[in-house]
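Please read the structure below before turning to the comments.
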Amino acid sequence: MTEALLTVENMTKTYGGSFVALNDFSCEIQTGVTGLLGPNGAGKTTFIRCLLGILPFDKGTIQFMDYFLPQDLSKVQDFFGYQPETETRMLKTSAMSYVTHIGKIAGLPRKDALHRGFDVLHYVGLEEARYRDMNTFSSGMLQRVKLAAALVQDPLLLILDEPTAGMDPQGRQQMLSLIDDLGHNHDKNIIMSTHLLPDVEQTSDNVVVLSRGRTIKQGSLKSILTRKDGDISLIIRISGDLNSFANNLSDQGLNIEIDRDEIHCIMNQDDQDTHKMIFKIARKTGVDIRTMSPYRQSLEEVFLELVQDDTNGEQW
C-alpha cells in the first residue's frame, strides 16, 4: 500500500466531558476517493469538523502530508475544500457571488476568484443559473453550488459531508457522476462521508467504516468486499436435477449450498481444474449449466455484518 495522504492516530473527542463522539479513533486515508461510512452518530461529522479545525479534539494526532494538526492548521487549510452537510446561509445572493466570495476567503485575488467561480459552476452544470438567487434553487442545485464552492480554490483534498443529502434520484446520480469524475479523471483526493452505501460502491476506491466513534474496518473497496475467509464462491444455475448435481459436487469435496434454484459452490481457490470438474459432473448428471459466475458480497451485507459484530462486542 502506498503512503497514506492522511493519518489519524488515537483521536478522542468528547462533548460535555461525558459523551464520547470519537473513541481512540485511528485511520489512514489513501489517495483517490475514500468513503467514510457509519451509522448515524458514529462520529463521521465530528471527525470532519476536527480535521478542519472547526472543533478541537481532546487527544490524538492528525498527519496530513508532512504537517501535523492542530498545530499546523493554518498551513494546510488552503489544501482543503469542504462541502458541508448544512445549507449555506447566503441564500439571498447569487451562486456566482457566493462561490466567488468563498474563493476570496480562501485567498484568491478577486479576478482569479471570478474566473474560478465561472469555471466550477460550469463544471457542476449551473452555468445558466449562476446569476440567480440561491433561494430559488432546488435542494440538488444547492448541493452542486456547495460542491462548486469546495472546488473554487482547486484543493488537494475535497471533504464532502453527505453530498447527496436531499437529492432526488436524478440529482443524486448527477452528483455521484461528478464525484467519480473528480476522483478518477481529475485526480482529486476525496473523503466522502455518507450513510448511503450505494454511493460508496459507485464512487470509492477505499472505505473507512466507523461505529461508536472508532474504526471497525478499513481498506480498499475490493478487499472490504472479499470474503473474510478468503474463499471464492461461485453461483451456478442449471437446467436439470439440482439436487443430484449438488450431491455429486459435494462428493468431490466441494462446499455446496443450495439457495432456491441456484447452487453456491464455495472453493478455497479459483482454478481451472475445479471449473473443468464442475462441467464434467454436469455432463455426468445430465444437467446443463446455464450460468456460472463469482458471487460478490454487497457493501450493505458487509456493512451490516461489521456493525452488528461491533455492537455484539466482537473484534475484527
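For the sequence shown, the positions run -12 to 303 when this note's numbering is used. Backbone N, C-alpha and C define an ideal beta-carbon position, used for all residues, glycine too.
In the DSSP assignment, find the unbroken alpha helix (DSSP H) run with residue i in it and report its ends.
i      : result
Ser191 : Looking at the DSSP string, Ser191 is not in any alpha helix (DSSP H), and its letter there is neither H nor E.
Lys98  : Arg97 to Tyr110
Ile134 : Position check: residue 134 holds Leu in this sequence, whereas Ile was assumed. Leu134 -> alpha helix (DSSP H) spans Ser126 to Leu138.
For residue i, does the count of other Cβ atoms within 10 angstroms reach 16, so buried, or fall short, so exposed?
i      : result
Ile245 : exposed
Asp260 : exposed
Arg201 : buried
Arg277 : exposed
Arg270 : exposed
Thr149 : Note on residue identity: the sequence assigns Glu, not Thr, to residue 149. Buried.
Asn193 : buried
Leu221 : buried
Glu15  : buried
Ile92  : exposed
What is the DSSP secondary structure of residue i, reduced to helix, strand or coil?
i       : result
Glu287  : helix
Asn(-3) : strand
Gln58   : coil
Met162  : helix
Val63   : helix
Thr298  : helix
Asn172  : coil
Leu197  : strand
Asp155  : coil
Thr181  : strand
Ala(-9) : coil
Leu78   : coil
Trp303  : In this prediction, Trp303 has a pLDDT of 37, which is less than 50 and means its spatial position is unreliable; what the coordinates show is noted afterwards. DSSP places Trp303 in coil when its eight states are reduced to three.
The beta strand (DSSP E) that contains residue i, what's its start and end?
i      : result
Tyr118 : Careful: Tyr118 lies outside any beta strand (DSSP E) and carries neither H nor E.
Arg201 : Arg201 to Ser207
Met83  : Met83 -> not in any beta strand (DSSP E); alpha helix (DSSP H) instead, spanning Ala82 to Ile92.
Ser5   : Where Ser5 is concerned, there is no enclosing beta strand (DSSP E), given that its DSSP letter is neither H nor E.
Asp141 : Counting along the chain, Asp141 falls outside any beta strand (DSSP E), and DSSP gives it neither H nor E.
Quick one: measure Cβ to Cβ for residue i and residue j, integer angstroms, because I've assumed they're closer than 8 Å.
i      : j      : result
Gly19  : Asn176 : 7 Å
Pro26  : His182 : 7 Å
Leu101 : Ala82  : Rounded, the Cβ-Cβ distance is 13 Å, inconsistent with contact.
Phe290 : Leu24  : 6 Å
Ile146 : Thr21  : Not confirmed; about 10 Å, so no contact.
Gly112 : Gln161 : 7 Å
Exercise for review: Give, in chain order, every unbroken run of the beta strand (DSSP E) that is at least 3 residues long and sits entirely within the stretch 211 to 277.
Suggested key: 219 to 226, 242 to 246 and 249 to 254
Point to revise | Segments of 4+ residues assigned as alpha helix (DSSP H) that fall wholly inside the stretch 7 to 57 | key: 31 to 38
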